[in-house]
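Student: If you want my numbering, it's the 1-based position in the sequence shown plus 135. For every residue, glycine included, the Cβ atom is placed at its ideal position computed from N, Cα and C. Nothing here was measured: the structure is a model prediction, and the numbers come from that model. Here it is, the structure, as structure tokens.
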Amino acid sequence: MKKKIKLLVATLSFSTVFLFCQSTPTTYDMTGYIVDTKVNSSGEVTVLVDGRGIETEQILISDYGWAHISDNTDIYLNGKKVDSYPFTIDSSVVVYVTYDGLVAESYPVQGGAKSIFIED
């Protein structure tokens, strides 16, 4: 009986850690480095992501585009969900963007970010 309880506790602990810690996404719409940022009057950030020098097997919407970060955007830093991130221009930080809804197919593309994974 004690073994079953220990196994149950271990399983629940592992499941909790797994749910709150995600690795790099397997699917995303754009990847690259943040090369520019804009902040609107409400304090919301829009980042310009440049992935033209990154090779990937993933089929992407674009290799260069704007992603608007809102209160509805899920932000992950090194696999862990965070409430905010100081988006700055940094060529050593790779981001993976998944768009939410429609994307303006201009060049660079423009759209709201559903999630953004940051590898710092």
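Measure how close the beta-carbons of Val244 and Gly200 come, nearest whole angstrom, since I'm counting them as under 8 Å.
Tutor: For this step, residue 244 is matched to residue 109 along the sequence shown. For this step, residue 200 is matched to residue 65 along the sequence shown. About 4 Å separates the two Cβ atoms, so the contact holds.
Student: Taking its Cβ as the centre, do 16 or more other Cβ atoms sit within 10 Å of Ser219, making it buried, or is it exposed?
Tutor: Locating residue 219 in the sequence shown gives position 84, where the first residue counts as 1. Classification for Ser219: exposed.
Student: Are Thr233 and Gln193 closer than 9 Å when you measure CB to CB?
Tutor: Numbered from its first residue, the sequence shown carries residue 233 at position 98. Numbered from its first residue, the sequence shown carries residue 193 at position 58. Cβ atoms of Thr233 and Gln193: not closer than 9 Å.
Student: Does DSSP classify Asn207 as helix, strand or coil?
Tutor: Indexing the sequence shown from 1 puts residue 207 at position 72. Three-state DSSP puts Asn207 in coil, outside helix and strand.
Student: Buried or exposed for Val174, please, with buried defined as at least 16 other CB atoms from any protein chain shown within 10 angstroms of its CB.
Tutor: Your numbering for residue 174 matches position 39 in the sequence shown. With fewer than 16 Cβ atoms within 10 Å of its Cβ, Val174 is classed as exposed.
Student: Among residues of its own chain, excluding the 5 on either side of Phe155, which ones have a beta-carbon nearer than 6 Å to its beta-carbon?
Tutor: Mapped onto the sequence shown, residue 155 falls at position 20. Bear in mind that a pLDDT of 44 at Phe155, under 50, signals an unreliable position, so the number given afterwards is only what the model happens to contain. So the list is empty, once near-sequence residues are dropped.
Student: Report buried or exposed for Ser118, applying the criterion of at least 16 other Cβ atoms within 10 angstroms of its Cβ.
Tutor: Because the chain is modelled from 136 through 255, residue 118 falls outside the range shown and cannot be assessed.
Student: Taking all protein chains shown into account, decide if Asp171 is buried (16 or more other Cβ within 10 angstroms of its Cβ) or exposed.
Tutor: The residue you call residue 171 lines up with position 36 of the sequence shown. Under this definition Asp171 is an exposed residue.
Student: Please check the pair Thr208 and Ala248, which I expect to be a contact at CB under 8 Å, by giving their CB distance rounded to whole angstroms.
Tutor: Here residue 208 refers to the residue found at position 73 of the sequence shown. Here residue 248 refers to the residue found at position 113 of the sequence shown. Confirmed, about 5 Å.
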